[in-house]
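Residue numbers (this note's numbering): 249 to 499. Quick reminder that beta carbons are idealized off the backbone N, C-alpha and C, glycines included. Note that this is a predicted model, so its numbers are computed, not measured. Report on the structure given below.
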């Protein structure tokens, strides 16, 4: 779980950690990378905040801006706050995605995905916000394929410091996930919900979220844990999240 080391000078902190970030990207998700994501992400999110937002609101969004998947009366609600540019979030999805799918399938939990735009300055095209906008674009046409879309998006996550995926690639991934509504293309290329993404990203900071991924079960934050699987690579331990879901569901 990444933590925010402070907001005094996030740009300087990011520059100082640049060499370590490049090494971490080459060898896998490491402890250095986990720390780095929060070091740059939170300062950027604060600058993206827009508390006076009054533009388009996604039909699929909950009050806190999440996309909810699963039964309305599920006994447990898992909330995942993630950034599509965040490598640690990609690792979280790889390690916990199947657990969340199963929880939705068996009815033990609904999952709310808060896709935020913290890391816009880690691409030259504001990829974090554009990907979060695409999240709302697809979800507005239905959520039954949303977890498939999320898995595909993370599987094709662009490296930090590049241009990010272009809009035509985001449209291609949506179609590959089964989202064929013609309105999705216009929603993605127009950036229909970019302002909404900025507003909800700022709200998450005001809420006290200090890194991604951050995960809650029935409003209680889950203390995510990692474990080594090689000399330079770590993965997320699924036990803390699985246990939290089971307890919340009364299992």
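Would you kindly check if the distance between the Cβ of residue j and the Cβ of residue i is under 8 Å?
{"i": "residue 309", "j": "residue 361", "result": "no"}
{"i": "residue 439", "j": "residue 378", "result": "yes"}
{"i": "residue 368", "j": "residue 376", "result": "yes"}
{"i": "residue 477", "j": "residue 422", "result": "no"}
{"i": "residue 329", "j": "residue 457", "result": "yes"}
{"i": "residue 487", "j": "residue 465", "result": "no"}
{"i": "residue 371", "j": "residue 410", "result": "yes"}
State buried or exposed for residue i, treating a residue as buried only when at least 16 other CB atoms are found within 10 Å of its CB.
{"i": "residue 491", "result": "exposed"}
{"i": "residue 408", "result": "buried"}
{"i": "residue 364", "result": "buried"}
{"i": "residue 451", "result": "buried"}
{"i": "residue 430", "result": "exposed"}
{"i": "residue 358", "result": "buried"}
When the Cα atoms are used, what is the spatial distance from residue i to residue j?
{"i": "residue 383", "j": "residue 469", "result": "23 Å"}
{"i": "residue 244", "j": "residue 311", "result": "This structure does not reach residue 244, given that the chain is present from 249 up to 499, and the question cannot be answered."}
{"i": "residue 366", "j": "residue 326", "result": "21 Å"}
{"i": "residue 427", "j": "residue 337", "result": "23 Å"}
{"i": "residue 489", "j": "residue 472", "result": "7 Å"}
{"i": "residue 462", "j": "residue 331", "result": "10 Å"}
{"i": "residue 351", "j": "residue 434", "result": "33 Å"}
{"i": "residue 303", "j": "residue 441", "result": "8 Å"}
{"i": "residue 432", "j": "residue 418", "result": "10 Å"}
Tell me which same chain residues have a C-beta within less than 7 Å of the C-beta of residue i, skipping the five on either side of it?
{"i": "residue 355", "result": "319, 322"}
{"i": "residue 393", "result": "425, 426, 427"}
Could you tell me which residues DSSP pairs with residue i in its beta bridges?
{"i": "residue 485", "result": "473"}
{"i": "residue 331", "result": "364"}
{"i": "residue 326", "result": "359, 465"}
{"i": "residue 316", "result": "360"}
Return the chain-ordered list of same chain residues with a C-beta closer than 6 Å to the C-beta of residue i, the five sequence neighbours on each side being excluded.
{"i": "residue 475", "result": "485"}
{"i": "residue 374", "result": "368"}
{"i": "residue 340", "result": "461, 484"}
{"i": "residue 397", "result": "386, 425"}
Counting only the same chain and skipping the five closest in sequence on each side, list residues whose C-beta sits under 8 Å from that of residue i.
{"i": "residue 498", "result": "323"}
{"i": "residue 436", "result": "378, 381, 382, 385, 415, 418, 419, 422"}
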